[in-house]
Amino acid sequence: MNRTRLCILSGFFMHKIMINRVVGGVLLLASAFFVSCEQGEKGEESVVANKAKAEEKSDFYQQKYKAQKVKSKKAVAIQYKFGEPSDERLYIYQTDYNEDGYLLDSITYRNNYRVAKEVFEYGMDHKIVKRALYDSSEVLVSLLERELNSNGDEVSFKSFLRDTLRYSQKKVYDDNNQLIKITDYYNDGSIKSVSSYAYNSKGDVINKKEMNDIGVVLLRQDIGYDSEGRKISEIDYDSTGIALGKTLIKNYDANDKIQLIEKYDGNDSLFAKYAFEYNANGQETKNTIYNGLNQILRQSITKYDDKGNRISFKLYEGELGLRGTDLTTYNDKGLEIESKTLNHQNKLQHKKVKMYNDKGLLEREINYNHLDEPEFEFKYEYTYFE
Numbered sequence: 003m004n005r006t007r008l009c010i011l012s013g014f015f016m017h018k019i020m021i022n023r024v025v026g027g028v029l030l031l032a033s034a035f036f037v038s039c040e041q042g043e044k045g046e047e048s049v050v051a052n053k054a055k056a057e058e059k060s061d062f063y064q065q066k067y068k069a070q071k072v073k074s075k076k077a078v079a080i081q082y083k084f085g086e087p088s089d090e091r092l093y094i095y096q097t098d099y100n101e102d103g104y105l106l107d108s109i110t111y112r113n114n115y116r117v118a119k120e121v122f123e124y125g126m127d128h129k130i131v132k133r134a135l136y137d138s139s140e141v142l143v144s145l146l147e148r149e150l151n152s153n154g155d156e157v158s159f160k161s162f163l164r165d166t167l168r169y170s171q172k173k174v175y176d177d178n179n180q181l182i183k184i185t186d187y188y189n190d191g192s193i194k195s196v197s198s199y200a201y202n203s204k205g206d207v208i209n210k211k212e213m214n215d216i217g218v219v220l221l222r223q224d225i226g227y228d229s230e231g232r233k234i235s236e237i238d239y240d241s242t243g244i245a246l247g248k249t250l251i252k253n254y255d256a257n258d259k260i261q262l263i264e265k266y267d268g269n270d271s272l273f274a275k276y277a278f279e280y281n282a283n284g285q286e287t288k289n290t291i292y293n294g295l296n297q298i299l300r301q302s303i304t305k306y307d308d309k310g311n312r313i314s315f316k317l318y319e320g321e322l323g324l325r326g327t328d329l330t331t332y333n334d335k336g337l338e339i340e341s342k343t344l345n346h347q348n349k350l351q352h353k354k355v356k357m358y359n360d361k362g363l364l365e366r367e368i369n370y371n372h373l374d375e376p377e378f379e380f381k382y383e384y385t386y387f388e
């Protein structure tokens, strides 16, 4: 393999592995570090939901690595040529863990040379309080710090580029430990914006305000609930009190899963609807987006096996119809062993085959092209605590 191609391939592997690492829980804790604790629905709700999923995935790997006493993990990439693996190995990253399964540091390689290292420190309840990124010369590139109160809640956050403060944030809680104020600051310490939150007696957010540095309200949102405490409306207003739009949650099922959401603009005209269907286990099986004329813009259909594993995901777009399908196969232990992506003609676009060691940890991952030929492989090597 020539050096140019090796360099390009290494860059691709790095991008690919970063995606896998997010899914694998390495960067999930770090990504959650950036997500604001603001509470809301859709727009914000999707961020909160993704954060929750990230934390859930992170917890899964942390618990698994703790149970299997994983001390370190190293990822190696191998390119295939004419269906056979080459002899050259590209080190992509190495991660080190403590005995509780939490990430201590992550080293990234390019062309088998170390290019970056991230170091993590934890506070109460194993929450990240410091994340530092260093270059290949061990020079600090960026630093994220946060302070927790006695309840383990974040009260301040700072972001540095090298040794220069770039951004900071402070949070205030009431006597019920409810977030009531977030203040964002510029790098010179001046106030950028202020967000405030008000609650009802049940602890639900009923009002949110976004203000400038002198306290002028720029945006306001009022939130309504039904008698069972389920959110049913969000109405947004501008600085003059004129309604900008509203979101109505029309239906819930017996398990309190949202079935229908309607969105209206400032003129009270319907412009979008979101409909959801679930199986008996509460897993989403159909997600449909409509425009204001009740025409389908996008729809996804998901199927699961009897163990709750997702085995099929189909995506449709308006008049174009089927756009693609994801198919996933699992072994008898519930571990994913094969995934396929098909195009709108149900032809193979990509395939991934996974193999595990005797501890149930991912050991090999072979990626295939649309001709079902192996293109490259990731191998994962582990060390363990005694």
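At position 40 of the sequence shown (counting the first as 1) the number is 42 in my numbering, and the numbers step up by one without a gap. Cβ coordinates follow ideal geometry from the N, Cα and C atoms, glycine included. None of these values were measured; they are calculated from a predicted model.
Buried versus exposed call for residue i [16 or more other C-beta atoms within 10 Å across all chains shown]
i    : result
M213 : buried
T242 : exposed
E321 : exposed
V141 : exposed
E156 : buried
G231 : exposed
F62  : exposed
G103 : buried
K390 : Nothing can be reported for residue 390: it is not among the residues displayed for the chain, which extend from 3 to 388.
E383 : exposed
Nonlocal neighbours in the same chain, by C-beta distance under 6 Å from residue i, ignoring five residues either side
i    : result
D224 : N209, I237
K316 : I303, T327
S138 : R116, V117
L324 : Y318, H346
R366 : M357, K381
S158 : E149, K172
D307 : I313
L221 : E212
Y169 : S161
D240 : L246
7 Å Cβ shell around residue i - same chain, five flanking residues per side excluded
i    : result
D186 : Q171, K194, S195
K233 : E43, I225, Y227, I251
D387 : Inspection of the sequence shows that residue 387 is occupied by Phe rather than by Asp. The answer, listed in chain order, is K71, K73, E101.
G389 : Nothing in the structure corresponds to residue 389, since the chain is present only between 3 and 388.
E338 : T330, Y332, K356
K361 : Q70
E264 : L250, K252, L272, K275
Residue from the options with nearest C-alpha to residue i
i    : options                : result
S271 : T97, Y280, K248, K288  : K248
F1   : L299, D215, R222       : The chain is shown from 3 up to 388; residue 1 falls before or after that span and cannot be answered.
L350 : L373, F62, R366        : L373
S60  : D89, T110, I130, G125  : I130
Y370 : N348, K342, K66, Y358  : K342
L106 : V218, K119, P376       : K119
T97  : A282, E86, I109, Q81   : I109
E375 : L364, Y188, K353       : K353
D165 : N189, D177, S152       : N189
N359 : T385, N348, E377       : T385
D206 : S192, P87, V219, L181  : L181
K288 : A282, K305, L246       : K305
Y266 : L344, F278, E286, G294 : G294
Q65  : G191, L363, E383       : L363
Residues bridged to residue i (per DSSP)
i    : result
T97  : K75, S108
I298 : Y292
V196 : T185, M213
I130 : Y124
E383 : K76
H352 : T343
V174 : K183
Y63  : Paired residue(s): none; Y63 is not in a bridge.
S314 : K305, L329
N1   : Not covered by the structure: residue 1. The range shown for the chain is 3 to 388.
S144 : L135, L163
G103 : G103 is not bridged to any residue.
F278 : N289
N253 : L262
E156 : L150
Q81  : F378
G323 : E319
K233 : Y227
V218 : None, per the DSSP bridge assignment.
V207 : Y201
Proximal residues to residue i (C-beta, below 8 Å), its chain only, five neighbours per side dropped
i    : result
I244 : G268
I19  : Any answer about I19 is weak, because its pLDDT of 36 lies below 50 and its placement is not dependable; what the coordinates show is given next. So the qualifying residues of the chain are A77, A79, I94, Y95, F380.
G336 : K309, N311
G154 : G125, M126, D127, K129
G217 : V196
N179 : N153, D155
Cβ-Cβ separation, residue j to residue i (assumed contact under 8 Å), whole Å
i    : j    : result
T290 : Q301 : 5 Å
V174 : K183 : 4 Å
Y67  : Y99  : 5 Å
Y280 : D255 : 7 Å
S198 : K211 : 5 Å
L163 : S144 : 6 Å
E377 : Y82  : 6 Å
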